[in-house]
Each structure stands twice: as C-alpha cells, then as structure tokens.
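Numbering of the sequence shown is given in the working numbering, commencing with residue 6 and proceeding in unit increments.
Note that the Cβ used here is the ideal one computed from N, Cα and C, for glycine as well.
Note that the coordinates shown come from a computational prediction; the quantities given were computed from them, not determined experimentally.
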Amino acid sequence: MSAVLLLTLFALSRPARAGAAEAAAAQSLFDEGRQLLDAGKPALACPKLEESNRLAPAPGTQFHLARCYESIGRTASAWALFLEVAATARSAGKGAEEQAARDRAKKLAPTLAHLVVAVAPERQVDGLTITYDGKALRKGLWGNSFAVDPGEHHLVARAPEHTDWRKTVVVSPGRAATVVVPALRAIKTVPDPDPFPPPEHDRSSSGSSTRTLGYVTAGAGVVALGLGSYFGLRAFSKWDDRNQHCPEDRCDAAAVDLGNDASTAATISSISFGAGALLGGLAVYWIATAGDGQHAHRDRRKSFAVQPVVAPTGGGVAVSRSW
Numbered sequence: 006m007s008a009v010l011l012l013t014l015f016a017l018s019r020p021a022r023a024g025a026a027e028a029a030a031a032q033s034l035f036d037e038g039r040q041l042l043d044a045g046k047p048a049l050a051c052p053k054l055e056e057s058n059r060l061a062p063a064p065g066t067q068f069h070l071a072r073c074y075e076s077i078g079r080t081a082s083a084w085a086l087f088l089e090v091a092a093t094a095r096s097a098g099k100g101a102e103e104q105a106a107r108d109r110a111k112k113l114a115p116t117l118a119h120l121v122v123a124v125a126p127e128r129q130v131d132g133l134t135i136t137y138d139g140k141a142l143r144k145g146l147w148g149n150s151f152a153v154d155p156g157e158h159h160l161v162a163r164a165p166e167h168t169d170w171r172k173t174v175v176v177s178p179g180r181a182a183t184v185v186v187p188a189l190r191a192i193k194t195v196p197d198p199d200p201f202p203p204p205e206h207d208r209s210s211s212g213s214s215t216r217t218l219g220y221v222t223a224g225a226g227v228v229a230l231g232l233g234s235y236f237g238l239r240a241f242s243k244w245d246d247r248n249q250h251c252p253e254d255r256c257d258a259a260a261v262d263l264g265n266d267a268s269t270a271a272t273i274s275s276i277s278f279g280a281g282a283l284l285g286g287l288a289v290y291w292i293a294t295a296g297d298g299q300h301a302h303r304d305r306r307k308s309f310a311v312q313p314v315v316a317p318t319g320g321g322v323a324v325s326r327s328w
C-alpha cells in the first residue's frame, strides 16, 4: 500500500465525538500536529497530537501519533499504538486501515528494545512493588521480556519496612537488557518510647518514702528499747523484793507472787529488747538504702546485710555495708 493512500485513509479519521469545546480543541490540535509532522517537525507535533488524543481519542489521531513517536525514536510506543489502531480498525470492520497499521508495527518489530526485570521468588517480600519510569510494573511482567523505548529508564522497588532500591538502565535499539532486583534491606525498627513515662517526682519519691519508713521504724525501735529497759529494771526490782521474803531460803507466799512478777517483767523486757534491735536494724537498712531517685544507679552498687547477734551478755543485730 502506497504511503499516499495510507495517509489518506487515516487523514479522514477525525477525533471522536466529544463535548463541543473539547471537540473543537482536539480538531485544532490534530490539524496543527499533522502539519508539523508532515513538515518534518515531529518533536513539535507529538505534544499536540497527544493532547488531541487525550481530549478526543480516535484511530486517526492515534495512527499519526504513532508515526510521530516513530520519527523521534520512541519505537516501542509507536509499535504498541499501531497495534492498538489495528485492533480498533478490525473491530470496526475496516480491513484496509487494520492492515496498514499492522504493516507499520511489523516493520518496527526488529528494531524494538526489550527489558526484563527479574525478581527471584524468595525476594518477593510482602507488599513489594516495582515502578518503571514512574508507572507501576504489573507483577505479570516480572521476569518476562517487554518492549521499551530505547534510552534511559528508571526502576524503583519498594516494600513496607524495607529500604527502596533504585536502578537506572540504558537500553539500545534492537537489544535486550536484564535487570535483577536484589533482596531489599529491611529497616530496623526501634520500639516506640513509652507514651506515658512516669513523672519526675514519682521517680524520686520512692527514695523519700523509704527514708520516711526508716525514720518511723527507728522511732518504734526506740520505744521498744525503752520498754525493754523499763521492764528490765522492774524485773530486777521485783526480784530484789522477792529475795527479801526468802530469809534463809525459806520463802513466803508474797515471795512467790513477786517472783512471778519479776519473771513476767523479764520476759517482756527480753521481747521488747529483741523487737527494738530488729526495728533498729531495719531502720538503719531502709535509711541507708533510700536513694534520691536521680542516683539510684549508684545505690545499686551498694549491698547491705542485717544479721542477728547473740552473746552471753545479751543480743542485738549487726548491719554491714559494702561498696
């Protein structure tokens, strides 16, 4: 089919029916684009034909846009658009236009550049997406060859909680290039900080509370020691009174009562002294270990021990401290 006849067929294909304003703009852009293309100015013609096709898509506009793409070296775009025009013409029963578009696509096929984007199955993490020149690359094309315009192309692979991978590849006319997407590097996540940290005064109040408890316990220990002293002296006094009622080791009834009183007082004294010693030891421990909240880490380096002490003359507790 001659070039003149071919262009005549598609010259009669006007932009499809649209709104009045859009149709007028599409027709004007189509005419300007055709004139520029025929004048050998495809770089100026393509944008006008693209806009005309956007406003009112039509096989004629698409055919001349494909011619324009072919002229500026966008062979894959031209090839795909010629095939689209052929499919539309076939559906409309326009055999001549279909054949013309297929012939142009067939002529371009050997010059096409191809790209393969390979992604190994084990590297296909959840949510993985790949974009090709800013457009999503369907998963069905991963690992398969597809036609691209010659030149530079930009690939981006991304997935949630992973670092993006980027690659620029240059494909020559009639050649094929393969790009292997590596395993994306996982981003190390840091636990979120506690949204409700304890107030500063809460952190330091524990040491103050412990110290207060120590002072209260110390006071109770002093009271217990006082009781022990009182009943200890009372026991001695009662025992002396008892001895006065036992001349020559013969005791009367009053001596028995005084002896029982002395024994009871001695028991209370012993218990009070023991309790006082224990409370005193606890008080020393709590006061000594109470931190100020801001230097608790230094308190943890200290250790304390409270141990009972029994001696022939009495008893008590021993508190030891180490650093």
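*DSSP-derived helix/strand/coil call for E166*: As a first step, residue 166 must be located in the sequence shown, where it is residue number 161. Note: E166 maps to coil in three-state DSSP.
*For E157, the nearest candidate out of T116, Y137, A164 and G231 (CA to CA)*: Here residue 157 is taken as the residue at index 152 of the sequence shown, counted from 1. Of the listed residues, the one whose Cα sits closest to E157 is Y137.
*Give the C-beta separation of D154 and A81 to the nearest angstrom, bearing in mind that I take them to be a contact with Cβ-Cβ under 8 Å.*
The count along the sequence shown starts at 1 and reaches residue 154 at position 149. The count along the sequence shown starts at 1 and reaches residue 81 at position 76. So it is a contact: roughly 5 Å between Cβ atoms.
*asked:* Check for me: the beta strand (DSSP E) holding S177 runs from which residue to which?
replied: Stepping through the sequence shown from its first residue, residue 177 is reached at position 172. Unbroken run through S177: none, as it is neither H nor E.
*CA-CA distance, L88 and V124?*
In the sequence shown, the residue the question calls residue 88 occupies position 83. In the sequence shown, the residue the question calls residue 124 occupies position 119. Distance between the alpha carbons of L88 and V124 is about 29 Å.
_Residues that T136 bridges to, as DSSP identifies them_ = By one-based count along the sequence shown, residue 136 stands at place 131. BP columns for T136 point to A141 and V161.
*Does the beta carbon of G231 come closer than 8 Å to any beta carbon on chain D?*
You won't find chain D in this structure, because it holds only one protein chain.
*Same chain, Cβ closer than 7 Å to A270, neighbours up to 5 away in sequence not counted*: As a working mapping, residue 270 is identified with position 265 in the sequence shown. Answer for A270: F236, R239, A240 and K243, listed in chain order.
*asked:* Measuring straight from C-alpha to C-alpha, what distance separates G139 and A48?
replied: Your numbering for residue 139 matches position 134 in the sequence shown. Your numbering for residue 48 matches position 43 in the sequence shown. Rounded to the nearest angstrom, the two C-alpha atoms are 22 Å apart.
*Using alpha carbons as the reference points, say which of P52, L41, C51 and A61 lies closest to L27.*
Taking the sequence shown and counting its residues from 1, one reaches residue 27 at position 22. Per the sequence presented here, residue 27 reads as Glu, with Leu not at that position. The candidate whose alpha carbon is nearest that of E27 is A61.
*asked:* My output table needs one value for A188: the three-state DSSP class, helix, strand or coil.
replied: The residue you call residue 188 lines up with position 183 of the sequence shown. A188 falls in the coil class under three-state DSSP.
_Quick check: the Cα distance between R128 and H69, rounded to an integer number of angstroms?_
Along the sequence shown, one-based indexing puts residue 128 at 123. Along the sequence shown, one-based indexing puts residue 69 at 64. About 42 Å.
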